[in-house]
Every structure is written in C-alpha cells, then in structure tokens.
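Report on the following structure.
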Amino acid sequence: MDKIEGTLPVLPIKKGSYNKFIRLIRDKMINLGLNETLSYTLIPNSESHKYTLDSFEEINLLDPMSDDRKTLRYSLLPSMMMIYDYNSKRNNKDVCIFEIGKSFGKIDGTYTERKSLACLMSGIYTEGLNKEKITFYHMKGVLEELLDSLGFNGRYTLMVKELPNELHPGSSAVINLNGNDIGYIGKVHPNVCKDDVYVMELNLDLVEKYRAKSLEFKEISKYPNIVKDLAFIVNDEVTNEMLVKEIKKSAGKYLVNIELFDLYKGEKLLDNQKSLAY
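Under the working numbering, the first residue of the sequence shown carries the number 30, and numbering increases by one thereafter.
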C-alpha cells in the first residue's frame, strides 16, 4: 500500500460564466448607496396582482407549506414592501434596498418568466457625509443614473398614464424607454402605507433588449457648450412632456439636455395659465 502513488481524480471541467449586464446593474445600485436584498419568490395569493396593471393568471403551488408562501410573484414590489414592513415594525424606517430577481405569471395560457429590478427607498438617504430626507426626486435620480450608465441617455422619459392602485397618482409615473413602457416609479399610496415610501420596478428583459450592443463614440466638440433659459406661458392642459417633445423636435441633433427648473402660477398670469422654464 505504501508504494501506490496518489493521483488526482479526473473530472469534467465546464467553463463558468456570469451575466455582465446584471453585474453592471448590481454594481451601479450598490455604488448609489442601496443595499441588495434577496426575498422569497413565493408570496400570499392576495398580494399577487398588486403593483401592476398587466392581465395575467397567477401561478399557485399545488401543495404549499403555508398560505403565506403559496403563489409565485409577478411583481417584486410586494416582496419589497414585506421587507419594509418588517423593518418598520422594529423602528428602522431608513430603508434603501434593491433586488434583482425573477417574476412569473401565466398570460394567454403561456407561462412567462422575466428578470426584474425593484427598488425601495424611505426615511433618510445618506451620501458621504450628506443626509437628506428621501423624496420622489431621490428615486428619480437613481433611475436616471442607472439608465444613463447603461447608455440610454436621452432615450427614456417619465409619462403620466394609468397607474396601479398601490401608487400615488400625483407622485408616480410610467417609465418609458424607446417608446415602450418598461416599469413604474413613484410613491406608495397612503392607503397602502402611511409612511413616505418610494418604489421603482423595471423589466430588465426589455432594458437589455433595447440596449445598444456596441457603443458609438463621437469627437468632443471644439466649441464650448451654450446654455439657454427659455420660459413658455401655456394653458394648464399643456404638460411638461408635450413641451419637451416640441423643444426636442425644434432643436434637432445639437440639443444635449433639457431640464425643467421652474413652474410659476401667479397674479401676472391668467387663472388657466402657467409658466414653465427650461
């Protein structure tokens, strides 16, 4: 036995891989100060149709261990709200979390599976030494930073459309990319949660589909940028989205960015008028 030489076992080797697109999103969200969480894919059946307007049939387990873990989730946001409720009951309301996971449903008799990104922010947002109370604009900033880093600068907008009942209609919007709705962003309705909780969910399958496979670069302009302030007096029916669309159409390819910085209604204007400054 002492003369038998030891040998290593021969095993098949398979090259490992990981999704660079998902890794890029995860790293960006962490860099923005959010903590990643992993929640249960199974949720109560009563939560399955929340935070979405899609028509689908929920997928239930035939023999669930409990009613709380009975249905495969279609949206990640019910899981995020359960995490927030758990923390809130323990007096921790400073919650900034995100999750990248899968959601499931049955649409027109076909089982579907998709990758989604969900984000929840509430309480105080800490960035370096700065601490601020979280508002809609913090969540909007996270969305813009993420989509810009993926190469979608100028290709997305927030639109006022029909929203799920769980979102506040005055502080929420539909996220539109390349003319397609890819998710929701906004404040959770006070009927659902009394605290100021802001959420966002993106369909990552669509985001990855519309992402350019190769980036094109252009020469830096030899001339300095020109910044102009423009104010328009319009009727109340005219929305910010309508004005931005007209500005882009008129300005052409040299326009780099548009920002709304002032909304005025006052004594110098008629009752049905407002001034929007860009």
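Built from N, CA and C at the ideal position, the CB exists for glycine as well.
These figures come from a predicted structure and were not determined experimentally.
Return helix, strand or coil for Gly281, following the three-state DSSP convention.
helix
Looking at C-beta atoms only, is the number of pairs between the region 220 to 228 and the region 263 to 273 that lie closer than 8 Å three or more?
no
Assuming the contact rule is C-beta atoms closer than 8 Å, Lys79 and Pro193 should be a hit. Round their C-beta distance to whole Å, please.
7 Å
What residues in its chain sit with their C-beta under 6 Å from that of Leu259, if we drop five residues either side in the sequence?
Tyr307
Complete runs of the alpha helix (DSSP H) confined to the region 70 to 113 [at least 4 residues]:
none
Are the CB atoms of Val124 and Leu105 nearer to each other than 8 Å?
no
Extract the residue ranges of the beta strand (DSSP E) inside the region 172 to 223, only unbroken runs of 3 or more that lie entirely within it.
185 to 188, 196 to 206, 209 to 217
Give every residue of the same chain whose Cβ lies closer than 6 Å to the Cβ of Tyr252, excluding the five residues on either side of it in the sequence, and list them in chain order.
none
Output the distance between the C-alpha atoms of Tyr185 and Leu289, rounded to the nearest integer angstrom.
16 Å
Closest to Asn301 by CA distance: which of Lys282, Glu266, Leu158 is it?
Glu266
Using the beta-carbon count (16 or more within 10 Å), is Met188 buried or exposed?
exposed
When the Cα atoms are used, what is the spatial distance from Ser200 to Glu86?
29 Å
Quick check on Phe50: does DSSP put it in helix, strand or coil?
helix
Compare the C-alpha of Arg52 against each of Glu65, Lys44, Met168 and name the closest.
Glu65
Between Phe261 and Lys294, what straight-line distance do the alpha-carbon atoms span, to the nearest angstrom?
12 Å
Under the three-state DSSP convention, the category Ile287 falls into:
coil
Going by other Cβ atoms of all chains shown within 10 Å of its Cβ, with 16 needed for buried, is Thr100 buried or exposed?
buried
Applying the 10 Å Cβ sphere with the 16-neighbour rule, what's the burial state of Ala147?
buried
Cβ contact check for the region 134 to 144 and the region 110 to 117: 3 or more pairs under 8 Å
no
Answer yes if the region 71 to 78 comes into contact with the region 89 to 103, meaning at least three C-beta pairs across the two stretches below 8 Å, and no otherwise.
yes
Across which residues does DSSP place Glu248 in a beta bridge pair?
Glu248 pairs with nothing; no bridge assigned.
Name the two residues that bound the continuous beta strand (DSSP E) containing Val228.
226 to 232
Residue of Leu172, Ala202, Ile88, Phe181 minimising C-alpha distance to Lys135:
Ile88
Can you tell which of Leu179, Leu206, Phe181, Ile214 has its C-alpha closest to the C-alpha of Glu195?
Ile214
Just grab the DSSP bridge partners of Phe133 for me.
Glu142
In this structure, how does DSSP classify Ile276 when only helix, strand and coil are distinguished?
helix
Do the CB positions of Ser145 and Gly157 come within less than 8 Å of each other?
no
Beta strand (DSSP E) segment containing Ile153, residue limits:
153 to 156
Return helix, strand or coil for Ser68, following the three-state DSSP convention.
coil
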